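Residue numbers (my numbering), protein chains in the order written: chain A, 36 to 328; chain B, 1250 to 1578; chain C, 6 to 338.
Just so it is clear, CB atoms sit at the ideal spot from N, CA and C, and this is done for glycine as well.
As the structure is a computational prediction, the values presented were derived from the model and not from experiment.
First comes the structure, then the notes that go with it.
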Amino acid sequence: MIMKAAVVEAEKGRSLWQDAFQRLLKNKMAVIGFCYLIVQASLAVLAPWIASFPFEETDLLLGAVAPDSVHYFGTDALGRDMFTRVLHGARISLMVGILATAVSLAIGVLYGSISGYMGGRVDNIMMRLLEILYALPFTFFVIILMVLFGRNIYLLFIALGAIQWLTMARIVRGQVVSLKKMEYVDAARSMGVGHVRIIASHLIPNVLGTVIVYVTLTVPNVILEEAFLSFLGLGVQEPMASWGTLISDGVGAMQTYPWMLIIPCASLMLTLLALNFLGDGLRDALDPQASKD
Amino acid sequence: MTALLQVDELKTYFFTRDGLFKSVDGISLTVKKGKTLALVGESGSGKSVSMLSLLGLIPQPPGRIVGGKAFFHDRDLLHLPDRELQALRGEKIAMIFQDPMTSLNPYLRVSIQLTEGLRAHHNEISKKEARRRAIEALEHVGIPDAKQRIDRYPHEFSGGMRQRVMIAMALISRPELLIADEPTTALDVTIQAQILNLLKNLQKEMNLSIILITHDLGVVAGMADEICVMYAGKIVERGTADDIFYTPSHPYTIGLLGSMPRLDSGKGDLKAIPGLPPDPSRLPKGCPFADRCPKVMRQCRDDHPLPLRKYSSTQEALCYWEKKEGEKT
Amino acid sequence: MTELMLAARDLKMYFPTYKGVLFRKQDSLIQAVNGVTLDLFKGETLGLVGESGCGKTTLGRTLIRLYSPTDGHIELCGQDITRLDGAALRKHRSNIQMIFQDPYASLDPRMTVFDIIAEPIRACEKVLARKELEKTVADLMETVGLSSRYIRKYPHEFSGGQRQRIAIARAVAIRPKVILCDEPVSALDVSIQAQILNLLKDLQKEFHLSYLFIAHDISVVRYISDRIAVMYLGKIVELANTEDLFGSPQHPYTKALLSAVPLADPRKERVREQILLHGDLPSPAHPPSGCPFHTRCPWKMDVCTRVVPPNFKAGEGHHAACHLLDEKLMTKQ
C-alpha cells in the first residue's frame, strides 16, 4: 500500500554548504578578510575610473613627491602617481593570482580526480610523472619559458598555474582515493550509476571543500611568486606595474623615497593577510571536526 | 555487604554552541564489593558520560559536572583535586573501552604500555619487576606465550587478544573497581564469549567490582547482579537481573525487551518502540519517554520530578504508571 | 519449486596483495570467498551469518558485481552476470539493489533526500519529468515511514534509523527483485533496529522481494530469515531452514556459534552450556589445509587436516560440510 503524498509543504533542508557558511559568518577575522578582499578587488577593477592620473604618465619635472592631497600615495622618481600605480598593480597581481589559480584548479582537479578514481597502474604512472615534475626547479623553468617565448603576461599566468597545479592534483587525488572507498560511492556503483556521473555528482562536490580552502592558500602563493619574479625582472614589463615591480622599484629608492617601498608592501601584505584569514575561516567552517569546538 | 562506590544525583551537562545538553541528569547508584552493576541504555542515554564523569575524563569545557556526589570508599571523586583523582585512576579504578585498537598506542610495544601505568603509580617498582608482573598479567588473561608476545606491537594482536591486553593493563595494579565500557561490542560472538568468561573468572578471583556499560541486554543477563536502565540521562529502572528480565516495570524496559530479537523464544513479531529518543538539547518537560510510551498519562508531561515507584527491596522505576501484579505487558 | 532469483555456483573471489612501489610483485592471495554455492528464491530471506573476516561482506559485494569474481558463476533472474560489464551490467542492476551497514557513510552528505532516492531511478534511465519524479520519491518516503515533508533535507539532519529508512527507500525505488542487505541494522540501537527489521519484513510482503541478509548478529538473522547459511573462512559450512539450523545444528562451528550467543534470560543464562572456541580465525591469506575449521574444532579428527569436507545432507534442504556427517567414515572408525 502506497500512501498518496503531497509534496506541497516540503521543509527546506540545510545543506553542508549552508551550515559552513553560517559557521564562516561567526568567524570575525574571516569576515573582515573577506570584506577587505571585496573592497580591494573592486578598487582594482575600477582603477582606470577611480585613479586621477593615467598610470604610465610621467611628470619628470615633478619628480618624486611625498604623499599629499593631490598624489595620495606620492609619486615615483619619474613623477608617476603612486596611488594610480598601486591600484593598477593590484589589477595585475590579483589577476595573476586568480587566473593562475584557475589554471592550477582546472588541471589539478582533473588530473587528481582521474588519477585517484582510476587507481592501480594509471594512478601509479600519473603520480610518478607528478613527482618528476616536482623535481624540476621551477624558477629555472619560468626563466626558460620567458627567454624562449619572450615576456608575456599570459605566459606568466600559465607558467605560475602550471607549477601550482602539482600540489592541487596531489591533494585532490588523496581526497578522491579516500572518498572512493565511501559506501555511498559503492552504493551508486551498485545502482548502476556510470563513472562520469559518480565523479561529477559524488566525488567532485565532496572534494570541493578541501579544494576551496587550498585555493585561498594558493592565491597568495601565486601573488608572492609573481612578486618574486617581477622583483627578479621577469614579471610584467614597464610601464605596466604589479605589486612586485613596484616593490622592486621601491627597494632601489628605499632610502630617499621610503613611501615607494612602504605603500606597495603594505598593500601586498594586507591582501595576503586577508586571504589567509579567509582561508583559515573556510577550513574551520568546512571541517568543523578539525577545529576545536 | 559494603558499598564500594556510592553515586548520588550526578549531573553532567554540556554547554555547547548548539545548546545545553543534559547528558546525565541526576543519577544515583551503588556498586557493591565483588559485584557487577550494569548500566544499560541506547546510544546517547548518558551511560558512558556518567562513568567518564566519575573519572574526571569529561572534556571541560564544554562539559561540566553541575551536581552530585560520588563516594569511593570515603572520598568524593567529584570534588577531588586532579592530582589525587589521577592517582586513583588506573590504580584503584581502572577502565576498559569498546575499541581496543584505538585505546592502545600503535607505536609502542605492549610491554611498555603495560608497565607504564604500574611504574607511574609505584616508582619503587624496578623495571625488571614491572616486566615480570606484566608477563604475569598477560598470562593471567589467557595470552599464550606471554613472554614472547609482550614485546610485540598492538597491531600484531587480533581483536580478541587486544581486548585481553587491555584487560591485563587495567588489572595489573589490582584495582578494586573496573569500569568496562562496551567491552565486547567490537568483538565477534565467539570471542565475546571468551572475554565475558574471562571477566567473570577474574572477578571471582580478585573480588573485583565491575560496572558494565552496554547496550546489549543479552550480555547483561549473564553478567550483572544489578541492572540500571538509562534513558535520556536518567536511570528509569533498576533491579536485579531477574527483576529486569522477568518483571520489568518501566514501559521503556518493557519496550526494550520486546524489541529485541532473541534466540530462546518463538519467532513472534518484534514490538518495536515507535519514534525516536528525544534530542538531548531539547528534552521535553516531565518524562523524556512520554512521547514514545504506550502507557502515557496526562501527568507524565507535567513539569514535576517523576515519582520513584518501589516494587520490591531491589526494584524501582521512575514512572507514574504502576504495573499491577500479573498484568500483561 | 519457486522461482530462482539469484544463484552463485562455486564462486571465488581472491584479492592479491602486492609488495613494492614501482615494480609490484604479488605477495599473497587473500581467499575471501572460496567456492560458495547458494540459491536465493523468490520472496524468501536467506540469512548469511559469520564472524568478521569470514568473507560474508565480500560475498555480498561480489554477488552484486561490485567486484569481478575470480572464478565461478553468478546468475541473476536466469541471466549469467558473472562477466558482464559496462552498460550490459547496468541493465541488470535494476534487478538487484543493496542496503549498506553504515547509514552515515552510505548516503552522500551533499545530496538532498530527493536526489539520493532519485539516483537509482535516474541511473536506470527511466526518464521522468521532475514533477513526476518528486511524486515518486515522496511516495517512497511515505512507504518507508518518513514524512515527505523532509524531501529537501540533507542526510545529516536525520538520525541513524531515519537515514537507514532513506537508504531502504533508495533500494526499493526501482522495484528490484533482490535486495542485498549488508548488516543493515547493526549500527542501530535496539529499539530502532526492531523498527527497521519490521519495515524490511513489510516491504518484502508488499513488493515480493528476495533478501540476502548478511549479519553477524544471530538473533537478528534468525528473526528475519527463512533459511540461513553459516560462513566460515570463505566457505559456507552449513545451510538449513531457520528452524532446522537452530533445532539441530550439525557443523561444530555452527554449534559453537549458537552456544556463544548470550541469552536475554538470567535463569537460562546461568545454566547455558557453551562450547568455548579457542584461538582466532586463521588468516584468509593462508587458510589451513583440509577443513578450514580444524584449527579450532573441538572434534577434530585426522582426516580433517587433510581432506576438505564435501557437503553432507543432514535433512531436507539442510547440509553441512563436516566429516562427522560422513556415515561411511564414521562407521569405519
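Give the C-beta separation of residue i and residue j to the nearest angstrom, bearing in mind that I take them to be a contact with Cβ-Cβ under 8 Å.
i                       : j                       : result
residue 168 of chain A  : residue 201 of chain A  : 6 Å
residue 189 of chain C  : residue 169 of chain C  : 6 Å
residue 228 of chain A  : residue 151 of chain A  : So it is not a contact: roughly 18 Å between Cβ atoms.
residue 281 of chain C  : residue 1446 of chain B : 7 Å
residue 274 of chain C  : residue 255 of chain C  : No, residue 274 of chain C and residue 255 of chain C are not in contact; Cβ-Cβ is about 25 Å, not under 8 Å.
residue 1543 of chain B : residue 1481 of chain B : Contact doesn't hold; Cβ gap of about 17 Å is too wide.
residue 1315 of chain B : residue 1262 of chain B : 5 Å
residue 1459 of chain B : residue 1452 of chain B : 6 Å
residue 136 of chain A  : residue 254 of chain A  : 5 Å
residue 110 of chain C  : residue 217 of chain A  : 6 Å
residue 223 of chain A  : residue 233 of chain A  : 5 Å
residue 51 of chain C   : residue 185 of chain C  : Contact flag wrong, Cβ pair sits at about 10 Å.
residue 1267 of chain B : residue 1530 of chain B : 6 Å
Just to confirm, are residue i and residue j a CB contact at a threshold of 8 Å?
i                       : j                       : result
residue 1347 of chain B : residue 1291 of chain B : no
residue 122 of chain A  : residue 76 of chain A   : no
residue 4 of chain C    : residue 41 of chain C   : Outside the displayed range of chain C (6 to 338) lies residue 4 of chain C, so it cannot be described from this structure.
residue 321 of chain A  : residue 220 of chain A  : no
residue 72 of chain A   : residue 66 of chain A   : no
residue 219 of chain C  : residue 65 of chain C   : yes
residue 1269 of chain B : residue 1317 of chain B : no
residue 116 of chain A  : residue 86 of chain A   : yes
residue 11 of chain C   : residue 177 of chain C  : no
residue 1307 of chain B : residue 1428 of chain B : no
residue 1383 of chain B : residue 1363 of chain B : yes
residue 1504 of chain B : residue 1476 of chain B : no
residue 36 of chain C   : residue 19 of chain C   : yes
residue 269 of chain A  : residue 178 of chain A  : yes
residue 1305 of chain B : residue 1272 of chain B : no
residue 263 of chain A  : residue 68 of chain A   : no
residue 1345 of chain B : residue 1392 of chain B : no
residue 45 of chain C   : residue 215 of chain C  : yes
residue 125 of chain C  : residue 106 of chain C  : no
residue 1390 of chain B : residue 1353 of chain B : no
residue 122 of chain C  : residue 192 of chain C  : no
residue 1253 of chain B : residue 1281 of chain B : yes
Chain D partners of residue i, CB-CB under 7 Å?
i                     : result
residue 21 of chain C : The question asks about chain D, but that chain is absent: this structure's protein chains are A, B and C.
Count the C-beta pairs between the stretch 1550-1565 of chain B and the stretch 1489-1501 of chain B that are closer than 8 Å, then say yes if the count reaches three, no if not. Taking one beta carbon from each stretch, the stretch 1550-1565 of chain B and the stretch 1489-1501 of chain B have 3 or more pairs nearer than 8 Å; the two touch.
Taking 8 Å as the cut-off, does the stretch 66-85 of chain C touch the stretch 158-165 of chain C (at least 3 CB pairs, one atom from each stretch)? By the C-beta criterion, the stretch 158-165 of chain C is judged not to be in contact with the stretch 66-85 of chain C, since fewer than 3 inter-stretch pairs fall below 8 Å.
Below 8 Å, how does it come out for the stretch 277-288 of chain C and the stretch 219-226 of chain C: are there three or more Cβ pairs, yes or no? As far as the Cβ criterion goes, the stretch 277-288 of chain C does not touch the stretch 219-226 of chain C, which means the pair count is below three.
Taking contact to mean at least 3 C-beta pairs separated by less than 8 Å, is the stretch 261-268 of chain C in contact with the stretch 1460-1479 of chain B? Touching, yes, given that three or more Cβ pairs across the two stretches are closer than 8 Å.
Would you list, in chain order, the members of the stretch 179-197 of chain C that have their beta-carbon closer than 8 Å to a beta-carbon of chain B? Look at the stretch 179-197 of chain C: the residues with a C-beta under 8 Å from a C-beta of chain B are 194, 195, 196 and 197.
For the stretch 119-134 of chain A against the stretch 261-280 of chain A, do three or more pairs of beta-carbon atoms, one drawn from each stretch, fall closer than 8 Å, so that the two count as touching? Cβ pair count under 8 Å is three or more, so yes.
What runs of the alpha helix (DSSP H), each 4 residues or longer, lie entirely inside the stretch 136-172 of chain A? 155-170, all fully within the stretch 136-172 of chain A.
At which residue ranges does the stretch 1265-1312 of chain B contain complete beta strand (DSSP E) runs of 3 or more residues, listed in the order of the chain? 1268-1281 and 1285-1289, all fully within the stretch 1265-1312 of chain B.
Chain C contacts made by the stretch 206-225 of chain A, where a contact means CB separation under 7 Å: If the cut-off is 7 Å between Cβ atoms, the stretch 206-225 of chain A has 217, 218, 219, 221, 222, 223, 224 and 225 near chain C.
Interfacial residues, the stretch 227-239 of chain A to chain C, with Cβ spacing under 9 Å: In summary, the residues of the stretch 227-239 of chain A whose CB is separated from some CB of chain C by less than 9 Å are 227, 228, 229, 232, 236 and 237, in the order they occur in the chain.
Assess, as a yes-or-no matter, whether the stretch 291-301 of chain C is touched by the stretch 227-241 of chain C under the definition of 3 or more beta carbon pairs within less than 8 Å. Cβ pair count under 8 Å is three or more, so yes.
Within the chosen definition, does the stretch 287-298 of chain A reach the stretch 142-158 of chain A through at least 3 CB pairs nearer than 8 Å? No, because fewer than three Cβ pairs between the stretch 287-298 of chain A and the stretch 142-158 of chain A fall closer than 8 Å, the two stretches do not touch.
Using 8 Å as the cut-off, can you tell me whether the stretch 132-150 of chain C makes contact with the stretch 245-265 of chain A, which would need three or more C-beta pairs spanning the two stretches below that distance? Between the stretch 132-150 of chain C and the stretch 245-265 of chain A there are fewer than three inter-stretch CB-CB distances shorter than 8 Å, so the stretches are not counted as touching.
Cβ contact (3+ pairs, closer than 8 Å) linking the stretch 1282-1300 of chain B and the stretch 199-210 of chain C: Taking 8 Å as the limit for Cβ pairs, the verdict is that the stretch 199-210 of chain C does not touch the stretch 1282-1300 of chain B.
Under 9 Å, CB to CB, which of the residues in the stretch 1497-1515 of chain B have a partner in chain C? Of all residues in the stretch 1497-1515 of chain B, 1501, 1504, 1505, 1506, 1507, 1508, 1509, 1510, 1511, 1512, 1513 and 1514 have a Cβ within less than 9 Å of some Cβ in chain C.
Of all the residues that make up the stretch 50-73 of chain A, which are near chain C by a beta-carbon distance shorter than 7 Å? Listed in sequence order: 50 and 51.
Segments of 3+ residues assigned as beta strand (DSSP E) that fall wholly inside the stretch 143-220 of chain C: For the stretch 143-220 of chain C, whole beta strand (DSSP E) runs of length 3 or above, ordered along the chain, are 183-187 and 215-220.
Which residue spans inside the stretch 1352-1432 of chain B form an unbroken alpha helix (DSSP H) run of at least 4? Uninterrupted alpha helix (DSSP H) stretches at least 4 residues long and entirely within the stretch 1352-1432 of chain B occur at 1359-1370, 1376-1389, 1395-1398 and 1408-1420, given in chain order.
Only counting runs of 3 or more residues, tell me where the beta strand (DSSP E) segments fall wholly within the stretch 14-71 of chain C, in order along the chain. Whole beta strand (DSSP E) segments, 3+ residues: 30-46 and 50-54.
Listed in chain order, which residues of the stretch 1461-1480 of chain B have Cβ atoms closer than 9 Å to some Cβ of chain C? Listed by position along the chain: 1464, 1465, 1466, 1467, 1468, 1469, 1470, 1471, 1472 and 1473.
Please name the residues in the stretch 1422-1443 of chain B whose beta-carbon is closer than 8 Å to at least one beta-carbon of chain C, in chain order. Listed in sequence order: 1437, 1438, 1439, 1440, 1441, 1442 and 1443.
Please name the residues in the stretch 296-308 of chain C whose beta-carbon is closer than 7 Å to at least one beta-carbon of chain A, in chain order. Using a CB distance below 7 Å, no part of the stretch 296-308 of chain C faces chain A.
Using a Cβ-Cβ cut-off of less than 8 Å, give me the residues of the stretch 1553-1567 of chain B that come near chain C, in sequence order. Hits within the stretch: zero.
Selection of the stretch 1281-1306 of chain B by Cβ proximity to chain C, strictly under 8 Å: Taken in chain order, the members of the stretch 1281-1306 of chain B whose beta-carbon sits within less than 8 Å of a beta-carbon on chain C are 1291 and 1292.
Of all the alpha helix (DSSP H) runs that stay within the bounds of the stretch 257-300 of chain C, which reach a length of 4 or more residues? Scanning the stretch 257-300 of chain C from its first residue to its last, the whole alpha helix (DSSP H) runs of 4-plus residues come out as 257-265 and 271-276.
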